[in-house]
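Heads up, the thing below is written out as structure tokens.
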Amino acid sequence: MDNTTVQTLSDLETTADKFWNVSRQSANFINMLIKLMNAQNVLELGTSNGYSGLWIADALKETGGHLTTIEFWEKRQCIARENFQKCGVGDIITCKIGDACEVIKNEISAQFDLVFIDANKGEYVQYFEAVHPLVKKGGVILADNITSHAGKVQPFIDAITDIGCYQVQVLDLPDGMLMGYKYKEQ
Ligand SMILES: C[S@@+](CC[C@H](N)C(=O)[O-])C[C@H]1O[C@@H](n2cnc3c(N)ncnc32)[C@H](O)[C@@H]1O
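Numbering (numbering that gives the first Met the number 0), first residue to last: 0 to 185.
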């Protein structure tokens, strides 16, 4: 990781509560997983100010991959774009503005190695229904806030478990991170 990215991530951690950023441990895990999987195409729902996006992009620089990230709060997306440019990863990130489900339905048809769900906790099940067809066989869905927002995300947990093509585990990271490995097509 270059010095600008290290410094920017450290600066962003001082405002993590305000921008609802994922924990450093969880971001580090996503970064490692992308490199382990040699993921090429990653989708993120919930950009905020780009903290997790910077961790994802850092790994994608190594794999030669690309991140598409969706945010409906324009001010936050502007800040994220500035952070991506500052850290030299603007060219490997596509920022989409709008409601995650609408953007996926109308603008996204690619297949993804990894999808990171981190937008509205009450809408996780709708996000799952939207992204499931876009996850490659052998791909992964990660979702944050599984233990911190247990009640809200339960319909999502039920859906990804019951559909029968994901191996599912909740990881003991801050706020709880669900990992679903898509081992077969539906
Ligand atoms: C938990 S924060 C994302 C944090 C970010 N992944 C990080 O760790 O740096 C959730 C973000 O999702 C956005 N959001 C919530 N509902 C959304 C929706 N339906 N479509 C797009 N973005 C949404 C919020 O505005 C917020 O910035």
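Beta carbons: idealized from backbone N, C-alpha and C, even for Gly.
As the structure is a computational prediction, the values presented were derived from the model and not from experiment.
Are the CB atoms of residue i and residue j nearer to each other than 8 Å?
| i | j | result |
| --- | --- | --- |
| K136 | E184 | yes |
| A99 | I69 | yes |
| G45 | A118 | yes |
| D143 | V41 | no |
| I96 | Q110 | no |
| N82 | L59 | no |
| Q39 | G63 | yes |
| F155 | E43 | no |
Looking at residue i and ligand 1, is the gap between the Cβ and the nearest heavy atom below 7 Å?
| i | result |
| --- | --- |
| N82 | no |
| I78 | no |
| D161 | no |
Taking DSSP as the reference, what is the three-state secondary structure of residue i?
| i | result |
| --- | --- |
| Q39 | coil |
| M0 | coil |
| G137 | strand |
| K181 | strand |
Expressed to the nearest angstrom, what Euclidean distance is found between the alpha-carbon atoms of residue i and residue j?
| i | j | result |
| --- | --- | --- |
| L170 | M176 | 5 Å |
| V134 | L11 | 30 Å |
| E106 | F18 | 26 Å |
| P173 | I140 | 17 Å |
| A129 | S147 | 23 Å |
| I78 | Y50 | 10 Å |
| Y126 | E73 | 20 Å |
| L113 | N48 | 20 Å |
| I145 | K151 | 9 Å |
*In chain order, which continuous runs of the beta strand (DSSP E) of length 3 or greater are located wholly inside the segment 93-133?*
111-116
*Quick one: complete alpha helix (DSSP H) runs, 4+ long, within the segment 56-100?*
73-85
*Which residues have their C-beta within less than 6 Å of a heavy atom of ligand 2, listed in chain order?*
Here the bound small molecules are ligand 1; ligand 2 is not part of this structure.
_For a minimum of 4 consecutive residues, which ranges assigned as the alpha helix (DSSP H) are wholly contained in the segment 138-177?_
149-161
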